Amino acid sequence: MLKIDNLSKKFGEFQVLNNININAEKSQIYGLVGSNGCGKTTLLKHIMMIFKQDEGNVFYDDMQVKEDSEIIKDFYYVQDSLFFPYQSTLSKLFAYEKLMYKNMSENKFNELVNYFNIDKNKNLNKMSKGQRKQAAFIMAISAQPKVLLLDEIVDGLDAVIKRKFWDVLIQEVMDNEMTVIISSHDLKELDNICDKVGIMHEGKILKEENLEKMKDEIKRVQFAVEGEFEASEFSEYNIIKSVKIGSINICTLTGNVEEFKKNLEEKYKVLLFDKLSMSLEEIFITELGGAGYGTEKK
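This note's numbering puts the sequence shown at residues 18 to 315.
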């Protein structure tokens with residue numbers, strides 16, 4: 018398990034990370050999502066020991082991770098802004114990284130080069146953004162790391178290549194018990210593949226939970242009643258948000274839906290009542306809205 022324990026970091030007077038706690042299990046895809054500039058990339062760089070934290074620690078299997086730790090050689094990080102050495106090709110990069118990563122697999126490398134139909138002898142800096150993303154992903158999977166950190170890995174990719182990425186990644190997680198942390202703004206994509214999610218805002222983790230459990234905790238219902246619905250009468254169900262569109266009321270709540278419906282029927286004549294599924298995007302908006310993000314007035 019990868020554990021981030023009370024990690025904090027300041028750049029000058031600016032608190033970038035504030036008491037971060039994360040638990041990412043083996044054989045798990047962890048989605049790290051958050052507002053712009055909340056510190057996601059900075060957190061990933063701390064896991065890789067690129068930055069030195071002011072407080073807190075990083076642990077893997079209860080062993081503290083330091084810059085000179087042997088375990089750091091089993092971590093692999095693909096950053097959002099890719100940089101490749103001048104005149105480098107995928108073949109040259111593989112030969113170089115094979116000296117650094119003890120589990121680098123030539124068979125896996127060749128299989129993925131064919132699967133993604135990438136020219137391994139083409140100058141990487143002359144490839145398109147999407148091709149460079151594929152090249153970086155091929156290197157990451159070929160290294161067979163125990164911890165894989167991916168920062169906006171599918172940004173700029175078409176739907177077909179995205180699906181190939183996820184198919185490969187899910188298979189690797191299943192086969193090799195890899196721990197994967199993906200930082201991304203593409204919440205719809207993460208909704209389909211993540212086991213667990215951490216929601217960040219202003220350098221803090223607002224919520225961390227198994228995604229399915231998170232969806233169970235925050236519910237959305239739509240209903241129509243005779244008369245005017247008053248959300249204040251149902252405060253015990255913790256209604257986070259209530260809006261009315263035409264004759265339909267839509268409420269987001271954390272309380273028991275069945276009890277809410279029963280109470281609603283006791284006070285109103287209910288004409289319609291449905292429970293709606295919550296997506297990761299809707300949970301994200303709800304959680305950040307509760308923190309005041311996006312609710313600022315002009």
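Ideal placement from N, C-alpha and C gives every residue a C-beta, glycine not left out.
The model shown is predicted, which means the values in this text are computed figures rather than measured ones.
Measuring CB to CB, does residue i end up less than 8 Å from residue j?
i	j	result
S52	H218	yes
A41	M65	no
G73	D22	yes
K181	F133	yes
P162	D233	no
A176	Y93	no
K279	F290	no
K143	F76	no
L13	L167	With the chain represented from 18 up to 315, any question about residue 13 goes unanswered, as that position is not in the structure.
E17	S201	In the structure displayed, the chain extends from 18 to 315; residue 17 sits before or after that span and is not available.
V50	V214	yes
K286	E243	yes
Once DSSP output is grouped into helix, strand and coil, what is the label at residue i?
i	result
M295	coil
Y118	coil
V50	strand
N36	strand
H63	helix
N74	strand
L166	strand
K315	Reliability fails at K315, whose pLDDT of 48 lies under 50, so the model's placement of it is uncertain and the value that follows must be treated cautiously. K315: coil per DSSP, three-state reduction.
F100	coil
L174	coil
K43	coil
Using DSSP's beta-bridge definition, name the partner residues of residue i.
i	result
I199	G48 and L167
F240	N266 and F290
I256	L270
L19	A41 and Y77
Quick check: is any heavy atom of the ligand MN less than 7 Å from the C-beta of residue i?
i	result
V82	Questions concerning the ligand MN fall outside what the structure shown contains, since it holds no ligand whatsoever.
Can we say the stretch 209 to 224 touches the stretch 29 to 37, given the rule of at least three CB pairs closer than 8 Å? Cβ pair count under 8 Å is three or more, so yes.
Stretch-stretch touch, CB-based, cutoff 8 Å, three pairs: the stretch 106 to 113 with the stretch 144 to 164: Yes, the stretch 106 to 113 is in contact with the stretch 144 to 164.
Across the stretch 254 to 274 and the stretch 231 to 244, are there enough close Cβ pairs to call them in contact, namely three or more that are closer than 8 Å? Yes: at least three Cβ pairs fall under 8 Å.
Decide yes or no for the touch test of the stretch 249 to 256 against the stretch 76 to 92: beta carbon pairs closer than 8 Å, at least 3 of them. Contact between the stretch 249 to 256 and the stretch 76 to 92 is absent, because fewer than three Cβ pairs lie under 8 Å.
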